[in-house]
Each structure stands twice: as structure tokens, then as C-alpha cells.
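Asker: Have a look at this one.
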Amino acid sequence: MDDKHHDDTRAIHDDEREDAPEHAGVFPLFMTSSFGSESVEEGARIARGGGEGYLYTRMGNPTTDRWVKRIAQLEGAVEGCAVGSGMAAITGAVMHLVRAGENLVAANMLYSGTYRLFRDILPRYGIECRFANLRDFDEVESRIDDKTRILYFESPDNPLLRMYDAEKVVEFAHAHGLKAVFDNTFNTPLLFRPLEWGVDVVVHSATKYLAGHGHVIGGIILGRDAELMHAIRHETAYNFGATLSPFNAWLLMLSAETLPVRMRRHSENALAVAGFLEGHSQVEWVNYPGLPSHPEHELARKYLPDGCGGMITFGLKGGKDACVKTLDSVKLVTHQVSLGDTKSLLMHPYSIMFETLPDDERSAIGILPEMLRLSVGMEDAADIIADLQQALG
Ligand SMILES: *Cc1c(COP(=O)(O)O)cnc(C)c1O
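Each residue of the sequence shown is one higher than the one before, counting from -17 in this note's numbering.
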């Protein structure tokens, strides 16, 4: 790797100079399902995974590989696997590492889709998930047995934005012979590189900041161990078939170039908006890791020194009714799921992300009716604040 260049440059250029066909300024979109072979011998060599060349886009595609290489370079990964969505990344990584009859331990707050996959779907395949508070290692220890294979977490988590001491969690995992798997969607490699802290496998929803414009569904799995990643890639893409479209990879490639600039702007805007919300009379509490009031602000200073990203969660004094009124009243900010877009998006996790969970389970994990989640976009912070001001009343 070329250590001479900084992140802003490495988001735009490969470490080694690599020319595109016809010296194209933008690497071309290979929108093709398959590739011809010069000879049977050559086709057979590629099919066995022997070196350069392509056969079939489910197994590999030049445009997709370019994007994977770019993100792997930023994340400090040896290899990656592009997939059709963030959920495909999570499913691919977890189903490779945990087999029927085995189990995983996961943080008790996770992205709602992951939470439901672990709670309701994986058990149907003989994979049990045990949720634990990763701040309490006695509790985590009590969940582990000789069939436990991975420790799975996000930090900050979605949607509460609480943080974990990633270094300690990883240490604990390795001391117990478990692989640490981390969802880095909220941070992107620009703000946090889990692999450098010992995490074994990183997953991303590329739909969010990696895409950045709300225009693509995609995902990626990244790791430090080439052999493991090769196996994950083969199983997830080739066998399960969770392929990313080359067109989406091509769009994601363009998004990668602006990722550093976008993450800075999201972080700056979110800090300003979080400060505003904290001072508002209708706001009961604000969770933003960059605010000194955040319960894990010290961890944010350790793990997110370059900015805490664009996500804020806050509670309104008027409860669910006040949330509904605010969502009905915003004009610039949009009432919309997803996150990480150039546009600011506001949503009510209690109604939209965790709507199928029983009330007592929702409150036990901290999904409260008075809570809103805001993905702070790249508009002028003053305009976002003015819109929230008029909507909060
Ligand atoms: C959105 C999200 C996912 C799921 O990604 P999709 O691309 O929607 O499948 C996973 N993890 C986190 C933290 C997310 O925000």
C-alpha cells in the first residue's frame, strides 16, 4: 500500500496506478452477465479461481472488483466481497462463520433488520442468537458456550447511538476463541477502521453513506484474513448468489470519491444540529457521541477523533404525539427511512423500524415512543436547524 497518500486522495485513486480500458477517465461499467474465454483451458483456469480474468458476473466483474478494491483500501482490508444489500452482507458473513447447532452472541441493540434476522430467522436454520449487553462482560460470558462462534456488534448502534469499547469487546472475543464481526455502516472507514482495532470481519450497508445519495442498495463484507475472505466470497456470491449489480458498483465507485468530504460535512452539520436540539425547550434528551453529554463521549473521543458522523437520536418531552407532529411539520427535512443521504431524513423508530416487536420488548431494548432518529444531511446547517425549529414549535 502507498502510505504516502492521505484518505482524501486514496478515496479517488488506487494505491497502485491502474489504467482503465482506453484510458477512460471514469472506470467503465461492464454491464454484462458473462465473459467469453480464449480457450477451454483459459476458461477452466478462471473457473478454478486461478488468477486474472472473468467468466460470469455472479463470480466476479471488473467494475464491481474496482469498487471492492477501493473500499478495501480505505478500510485496511485484504479482500472484500460486494453483495446486493447490507442485509446480504450480514447474512453472508454470519452464515459462513456460524453453522447449524452453533450460536452467536450479539449486542442487544442492533439495526432492526439485523435484530429480526438474528431473533426470528436464523433459529429456523439451527443458528441461535443470544443477545447481551456488551458493556457487561460477566453477562456476555454467561451467554457463551463451546458452540459460540462470533461476537457481533455496531458502535455507535442503530438507532440509539450508544457506543461500546470496541478494543475491549474484541479482546474479550479473542480470549474466548470467537471472531469479532462489526457493522461499520454508521462510521464508514473514513471515521473508524474496525480491522485496525482487531475486528475480524466488517460488514457495511453500502446503501447508506458509502452510496451517500439515496440512490443505491448495496453491501460489502471486508476482512483481514485472505483465506477466510476468499471462502466468504465464494459462499456468499457464488453459492448464495447475493451479487451486487455492476451498475450499482459503478455508482458506488463515484460515491467513494466524495466520501471523505461528505463524512466531514455530515459530522460538522450533525454536531451543530445536536447542539441546537440539546438547547431546545421541547427536547428531553439528545444522543450524539460528539456531545459531552453523551454517556460514551470518552469512547467517541478515542474511536471517532475525526468526527462522529451524521446520526442523531433524540427524545421529545411531548412523547409520541410530539414526534408525529414534528414529522408532519418538517418542510426541508424529509420523513423517510434510510440514512446517510445528502438530504436530511427524520423518522420514528418505534413506529417504523421496530413496529412488529411487542411493547415490552421495545421498551426493554430502549426503543421509546418519544424518540426520533435524524440523519443529518449536507444542506446548510442553519437551514436544517431553522426547519427543525419551526417543526418542534
Ligand atoms: C440499513 C442498515 C443495514 C441494512 O442494510 P440494507 O442495505 O438496507 O440491506 C444494516 N446495518 C445498518 C447499521 C443499517 O443502518
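Virtual Cβ for every residue (Gly too), placed ideally from N, Cα, C.
If you run the structure through DSSP and keep just helix, strand and coil, what is proline 89?
Answerer: Taking the first residue of the sequence shown as position 1, residue 89 is located at position 107. Checking the sequence shown, residue 89 turns out to be alanine, not proline. Residue state, collapsed to three classes: strand.
Asker: Please report how far the alpha carbon of arginine 106 lies from the alpha carbon of isoleucine 367, in whole angstroms.
Answerer: If you number the sequence shown from 1, residue 106 lands on position 124. If you number the sequence shown from 1, residue 367 lands on position 385. Going by the C-alpha atoms only, they are around 46 Å apart.
Asker: Is methionine 69 a contact residue of ligand 1, with contact defined as CB to any heavy atom under 7 Å?
Answerer: The residue you call residue 69 lines up with position 87 of the sequence shown. Yes; taking the cut-off as 7 Å, the Cβ of methionine 69 has a heavy atom of ligand 1 nearer than that.
Asker: Answer with buried or exposed for isoleucine 103, where buried requires no fewer than 16 other C-beta atoms within 10 angstroms of its C-beta.
Answerer: Taking the first residue of the sequence shown as 1, we reach residue 103 at position 121. Exposed, because fewer than 16 other Cβ atoms sit within 10 Å of the Cβ of isoleucine 103.
Asker: In angstroms, rounded to a whole number, what distance separates the CA positions of threonine 39 and threonine 225?
Answerer: Taking the sequence shown and counting its residues from 1, the one referred to as residue 39 is at position 57. Taking the sequence shown and counting its residues from 1, the one referred to as residue 225 is at position 243. Spanning the two alpha carbons is a distance of roughly 8 Å.
Asker: So, is glutamine 55 buried or exposed, given that buried needs 16 or more other C-beta atoms within 10 angstroms?
Answerer: Here residue 55 refers to the residue found at position 73 when the sequence shown is read from its first residue. Glutamine 55 comes out buried.
Asker: Is the stretch 56 to 74 close to the stretch 209 to 224, with three or more CB pairs under 8 Å?
Answerer: Yes, they touch.
Asker: Please state whether DSSP places lysine 161 in a helix, a strand or coil.
Answerer: Counting from one through the sequence shown, the residue named residue 161 turns up at place 179. Lysine 161 falls in the strand class under three-state DSSP.
Asker: Pull up the CB-CB distance for asparagine 85 and threonine 130, whole angstroms please, since I reckon it's below 8 Å.
Answerer: Counting from one through the sequence shown, the residue named residue 85 turns up at place 103. Counting from one through the sequence shown, the residue named residue 130 turns up at place 148. Right, the Cβ-Cβ distance comes to about 5 Å (below 8 Å), so this counts as a contact.
Asker: For alanine 282, does the count of other Cβ atoms within 10 angstroms reach 16, so buried, or fall short, so exposed?
Answerer: For the purposes of this step, residue 282 is taken as the residue at position 300 of the sequence shown. By the 10 Å Cβ count, alanine 282 comes out buried.
Asker: Looking at C-alpha atoms only, which residue of Ile132, Leu339, Glu20 is the closest neighbour of proline 351?
Answerer: One-based indexing of the sequence shown puts residue 351 at position 369. The shortest Cα separation from proline 351 among Ile132, Leu339, Glu20 belongs to Leu339.
Asker: Mind listing, in chain order, the continuous beta strand (DSSP E) runs of no fewer than 3 residues lying wholly within the stretch 240 to 309?
Answerer: Counting whole runs of 3 or more residues, the stretch 240 to 309 contains the beta strand (DSSP E) stretches 265 to 269, 293 to 298.
Asker: Quick check on glutamate -2: does DSSP put it in helix, strand or coil?
Answerer: On the sequence shown, residue -2 is found 16 positions in, with the first residue counted as 1. The answer is coil: DSSP assigns glutamate -2 none of H, G, I, E or B.
Asker: Can the beta-carbon of serine 320 be found closer than 8 Å to that of glycine 200?
Answerer: Along the sequence shown, one-based indexing puts residue 320 at 338. Along the sequence shown, one-based indexing puts residue 200 at 218. No; because the gap between Cβ atoms is not below 8 Å, this pair is not in contact.
Asker: For leucine 133, collect the residues of the same chain with a Cβ closer than 6 Å to its Cβ; drop the 5 residues on either side in sequence, then sort them by chain order.
Answerer: As a first step, residue 133 is located in the sequence shown; it is residue number 151 there, counting from the start. Val87, Ala155, Leu160, Ala162.
Asker: Would you report the Cα separation of glycine 74 and leucine 192, rounded to the nearest angstrom?
Answerer: Along the sequence shown, read from residue 1 onward, the residue named residue 74 stands at position 92. Along the sequence shown, read from residue 1 onward, the residue named residue 192 stands at position 210. Roughly 19 Å between the two C-alpha positions.
Asker: The alpha helix (DSSP H) spanning phenylalanine 119 covers which residue range?
Answerer: Along the sequence shown, one-based indexing puts residue 119 at 137. From DSSP, the alpha helix (DSSP H) with phenylalanine 119 extends over 119 to 125.
Asker: Do lysine 325 and threonine 316 count as a contact pair if the criterion is CB distance below 8 Å?
Answerer: Stepping through the sequence shown from its first residue, residue 316 is reached at position 334. Stepping through the sequence shown from its first residue, residue 325 is reached at position 343. Closer than 8 Å, so yes.
Asker: Under 7 Å: does the beta carbon of asparagine 140 sit that close to some heavy atom of ligand 1?
Answerer: The sequence position of residue 140 within the sequence shown is 158, counting from 1. For ligand 1, at least one heavy atom lies less than 7 Å from the Cβ of asparagine 140.
Asker: Which word fits proline 287, buried or exposed, when buried means at least 16 other C-beta atoms lie within 10 angstroms of its C-beta?
Answerer: Locating residue 287 in the sequence shown gives position 305, counting from the first residue. Proline 287 comes out exposed.
Asker: Taking a contact to mean a Cβ-Cβ separation below 8 Å, would you say alanine 148 touches tyrosine 285 in this structure?
Answerer: In the sequence shown, the residue the question calls residue 148 occupies position 166. In the sequence shown, the residue the question calls residue 285 occupies position 303. A contact, by the Cβ cut-off of 8 Å.
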